[in-house]
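Right, one structure below, let's go through it.
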Amino acid sequence: MSGSRQMVADPEILFAGRRTNRDRSGLVLFARAKWTKQAVWGSRGMCRRLSSAIKNFVPLRSAGLLRKVSEMRSSTWAFLGLTGVGVAVVVMILLRPDSASNVLPVGEPSNESLGSLKSESQSSPAAQPSVSDPAATSINLPPVEDKIKLVEATPHVAAAVVPLKFPTWPTPKLALVATGEQLGYFEPCGCTANQLGGMSRRASLFEKIRSLGWDVRGIDVGSVSRRTGAQAKLKFETTLEALRELKYVALGLGPEELKFEAGYLLSQHLSDSDEPLKFLGANLTFFGAKDFGTPLSSAIFEVNGIKVGVTSVMSDSIRKTVIPDMTLEETANAEMLWTDPSEALTTVLQEFADASVTVRILLAQTTLEESKKLAADFPTLTLIVRANGFGEGSDNAEMVGGVQLIEVGKKGKAAGVIGLYPDDAENPVRFELVPLSGELFSDSERMTQLMQGYQDRLKSEAIAKNDGTEPHPSGAIYVGAAKCGECHTKAYAIWKNTPHAHAFESLDPSFQRKGFERLQGVNKTFDPECIACHVTGWDPEEYLRYESGFVNEEFAADDAEKLLQGLLAGNQCENCHGPGNRHVEYIEADNKVAAINEVKVTLLQAEQICNKCHDGDNSPGFKFEKYWEDVKHYGTD
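Residue numbering for the sequence shown is 831 to 1467, as defined by the numbering used here.
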C-alpha cells in the first residue's frame, strides 16, 4: 500500500497529463518499472518479516521441527514472490498507455524510436542468415528515386538564428575580420547541408560590414592550407586570391604553410596591391636571411588616423611539428630557420613604439598557456589572435592583464569581428565571433566564380590523374561491381538501389537532390578531394588513386583506361571488400575457401571502412547500425 501511495504522489505521474503523448508514454513505462521493482522488493520484505516472526516465536526444539519451519519458510517465499509478480502484472495492465500515446505526432518522427522498432523486427546484422532463406537474404528497398523523394519530403527545421551583435555597435575607427586555421576548407566544412563556414559566406560577412559604412580589413593567423601536392597548391593560390580581394593585410605563416617549399612561398608572396597581403613570421627566416622579404616580421597600416601593427610568432612546440631540431651544420644549409619568439617579439614591439603604432596585434601559432605567457610578458600588446584553439572558437575574449586573447576556431567555420575604438577608454576593443551559417549569410557570386576557376584548373591540369598513384596494399586490381553482380545478383540489386551507386553523379550539379544545393552549379567530378569518396579505387583519407582505380574518361591514356569511369563510378563493392580480381580467379579455380577469405569483411571492419567517408565533417549524423540496414547484403544467391 505504501508503494501505491508513493507512486500516486510522484510529481512525474501527476504532471503526465500536461505532457505530449510521447512523453506520457515514457512516464507510464517508467511507472511500470518502478511499480514492478517495489512489488518484488515489497514481497521479499514481507517474507523476511514473517520468517523472522516464525524464528522468534516458535520454539525450535528438534531437528524435525526445524525442517518443517524451513519448508514453511520456502513455501512462504514462493507464495509471496508469485503474489508480488501478479500484483506487478495487474498494475502494468492498468497503467498501460492508451493507443494514442504510442503514436508519434505527425511531423515529429523519432529516428531513435524508429530504429529501435526496426531492430526488434529484423535480425541482428551480426547474425548472418541462412542463404537458403530468401526472406533473410533480401531487403525490400525502395528505388533510389523514391529515396530521394523521401528526403525531399522531409521538412527542414532551421535552427534558431541568433541576431548578430556587431551591427548594433557604434561605428568603429576600423573593423577587422580575424580568421585562422582554414585547413583547406575553402567551402563549408564537410559535404552535407547546413554546415558552417566557407569563403563565400565570409565574403558576405565583409559585404555586411561594408554595408554599415565601416572600413574593414582582414587578418589571418595561418594554416589556410592542408596537405601538400599539386591540388593543395592550387587551393592555396585560390585562397590567396580570395583573401586579397577581401582586403586581408596579414597572413601568419602556420605549420601547414611551412609544409610547402620556401621557394614556393616566396613566389606566392609577390603582389602589386597598394595594401598587399603580407606573409608574417617574426621568428621565421627563409634561406638564412630576412632580405628576401618573406616572411616579414610585421605589417603596419593606417586607416582613419588609427595606426595598426600586426606581427606573428610560432612557438617551439608548434615549430617541432614541421621544422626538426638541427645541428649547426644543418642549420647553415636549412631553407627555414626558427628562433626564440620572445626575442623576435621584443624587437618588433620596439619597432611599433618607434612608429607610434597604437593597436598592436599578435597572430600566435601557440598553445593556450604559451599565448597567456606572451600576453603577460608583453603587456603593450592590444590583442592576441591564437591558433590551436577549440574547433568552434570562443565568443568570449579572455583578458590577460590588459591584453585580449581571441580564438576564432578551425576550418573557417566562424570569423571574429573586431571593432577598434581608440577614443573609448572603457571599451577600446569590441569582439564578436560570428558563425558563418547559411541562415546568416548568402553565397557570394564572386567567390563562386573563384571556386569554378579552381575546379577548371583541377580539370585542365588533370590533377586527379597526375598527382600520383600507388598499388593497392593487397596487390590486387579492381574489376567493378558489374563483375560482382554476375554471381551476387541479389547483393548487386540492393547496391543498385542505394545512393552509393549514384555517388559520382551527385558531384554534378545537374544531379538534383536535397542537401546538395551548396554545389552552387560548380561541377566537382574532377576534384580528387571529392571523388575519393564518390568512386571506387581511391584512398578516401589521402585522396590517393590506386593503380587500376577510377580515372575520369577525359584523362584516360588508352582505351582500357577509358572503361574505368563506367566500371568504377560510384561507391562500389570493392571499396569495402577490396579489389576483386583474385576473388574471381579463386572462384574460377573452384577454391571457394580462398575466394571467401579474399573478400570477407566483418561488421566491425565494415564500420571502420564506412567511417573513412562518413566522418564528422561529411556525415555528422552517421550511425553505422542505422545506415547498415539500408545497404546490408549477404553472400551469393
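By construction, the Cβ of each residue, glycine as well, lies at the ideal position given by its N, Cα and C atoms.
How would you write the range of the alpha helix (DSSP H) that residue i sits in, first residue to last?
i	result
TYR1376	Segment 1374-1376 is the beta strand (DSSP E) holding TYR1376; no alpha helix (DSSP H) there.
LEU1064	1060-1075
PRO1358	1358-1361
PRO1171	1171-1184
GLN1285	1275-1290
GLU1437	1433-1440
ARG1216	Premise fails: ARG1216 lies in the beta strand (DSSP E), 1213-1216, not in any alpha helix (DSSP H).
LEU1095	1092-1099
VAL1414	1411-1418
LEU1158	1158-1162
VAL1429	1422-1429
ALA1331	Element bounds for ALA1331: n/a, residue is neither H nor E.
Is it buried or exposed for residue i, if we count other Cβ within 10 angstroms and need 16 for buried?
i	result
ARG1216	buried
GLY1249	buried
MET1166	buried
LYS1065	buried
ASP1388	exposed
LEU1100	exposed
ARG1032	buried
ASP1273	buried
GLU1455	exposed
PRO1125	buried
ASN1405	buried
ASN1296	exposed
LYS1003	buried
GLN1279	exposed
LYS1453	exposed
GLN1061	buried
SER1186	exposed
PRO1303	exposed
LEU1081	buried
GLU1384	exposed
GLN1180	exposed
GLN1435	exposed
THR1069	buried
GLN1438	exposed
Considering just the uninterrupted stretch of the beta strand (DSSP E) at residue i, what are its terminal residues?
i	result
LEU1307	Note that residue 1307 corresponds to Ile in the displayed sequence, not to Leu. No beta strand (DSSP E) holds ILE1307; DSSP gives it neither H nor E.
ALA1386	Note, ALA1386: premise wrong, no beta strand (DSSP E); not H, not E.
THR1009	1004-1009
TYR1489	Outside the displayed span of the chain (831 to 1467) sits residue 1489, for which this structure offers no information.
THR1115	1114-1116
TRP1168	1166-1168
LEU1081	1078-1082
GLU1404	Segment 1404-1407 is the alpha helix (DSSP H) holding GLU1404; no beta strand (DSSP E) there.
Under 8 Å by Cβ, that's how I've got residue i and residue j pegged, so tell me the actual separation to the nearest angstrom.
i	j	result
ILE1153	LEU1088	7 Å
GLY1400	HIS1332	6 Å
PRO1252	GLY1232	Actually they do not touch by this definition, with Cβ atoms about 14 Å apart.
LYS1313	GLU1011	Between GLU1011 and LYS1313 the Cβ distance is about 44 Å, and since that is not below 8 Å, they are no contact.
GLU1105	VAL1079	6 Å
Does DSSP classify residue i as helix, strand or coil?
i	result
GLU1455	helix
THR1141	strand
ILE1153	coil
GLY1396	helix
GLN1195	strand
PHE1109	strand
TRP1044	coil
TRP1325	helix
LEU1235	strand
ARG1190	strand
PRO997	helix
SER1128	strand
With 8 Å as the threshold, decide whether the Cβ of residue i is near any Cβ in chain C.
i	result
LEU1398	Here chain C cannot be found, since the structure has a single protein chain.
With three or more C-beta pairs closer than 8 Å as the rule, is the region 1132-1141 touching the region 1045-1053? Yes: the two stretches touch, three or more of their Cβ pairs being nearer than 8 Å.
Does the region 1392-1401 touch the region 1409-1418, meaning 3 or more C-beta pairs lie closer than 8 Å? They do not touch, by the three-pair rule.
Take every Cβ of the region 1226-1238, pair it with every Cβ of the region 1250-1269, and state whether three or more of those distances are shorter than 8 Å. Yes, the region 1226-1238 touches the region 1250-1269.
Across the region 1182-1196 and the region 1137-1151, are there enough close Cβ pairs to call them in contact, namely three or more that are closer than 8 Å? As far as the Cβ criterion goes, the region 1182-1196 touches the region 1137-1151, which means the pair count is three or higher.
Does the region 1283-1290 come close enough to the region 1351-1368 to have 3 or more Cβ pairs within less than 8 Å? As far as the Cβ criterion goes, the region 1283-1290 touches the region 1351-1368, which means the pair count is three or higher.
Would you be able to state if there are at least three C-beta pairs under 8 Å between the region 1219-1229 and the region 1182-1191? Not touching, per the Cβ criterion.
I want to know whether the region 1107-1117 touches the region 1156-1175 - three or more CB-CB distances under 8 Å. Yes: the two stretches touch, three or more of their Cβ pairs being nearer than 8 Å.
The region 1371-1386 contacting the region 1301-1316, beta-carbon criterion three pairs below 8 Å: Contact between the region 1371-1386 and the region 1301-1316 is present, because at least three Cβ pairs lie under 8 Å.
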